[in-house]
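In our numbering, the protein residues as written are 18 to 113. Presented below is the structure to which this report refers.
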């Protein structure tokens with residue numbers, strides 16, 4: 018993706034007890050995150066704390082369908098740790 022590609026906000030809703038349940042998948046998830054960041058696709062990633070119930074990503078992609086396809090490879094998604102996904106166009110003002 019280029020700096021001119023559209024930007025999207027992704028909000029994950031996680032399963033209850035995510036902090037404990039993610040442990041076996043966390044290293045794979047972080048490797049997936051780092052790979053996307055290295056490619057310039059992922060600009061921001063993190064999770065709400067206390068409780069860990071929401072994940073936030075800011076992604077560059079051609080469209081929302083591409084974002085959703087990309088998210089299918091997230092190890093947390095593959096482990097069924099994500100119960101909801103919101104993908105919205107995002108007006109990035111600072112960063113990226």
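Note that beta-carbon positions come from the ideal geometry of N, C-alpha and C, so glycine has one too. Predicted model only: the values in this text are computed from it and were never measured.
| query | result |
| --- | --- |
| Exposure of residue 78, with buried meaning 16 or more beta-carbon neighbours within 10 Å | buried |
| Touching by the beta-carbon criterion (3+ pairs, under 8 Å), the segment 102-112 and the segment 34-46 | no |
| CA-to-CA distance, residue 99 to residue 81, given in whole angstroms | 18 Å |
| Range covered by the beta strand (DSSP E) that runs through residue 105 | 99-106 |
| Chain-order list of residues whose beta-carbon lies under 7 Å from that of residue 32 (same chain, five-residue window excluded) | 38, 98, 100 |
| Contact under 8 Å by Cβ, residue 50 with residue 60 | no |
| Spatial distance of residue 36 from residue 89 (CA atoms) | 20 Å |
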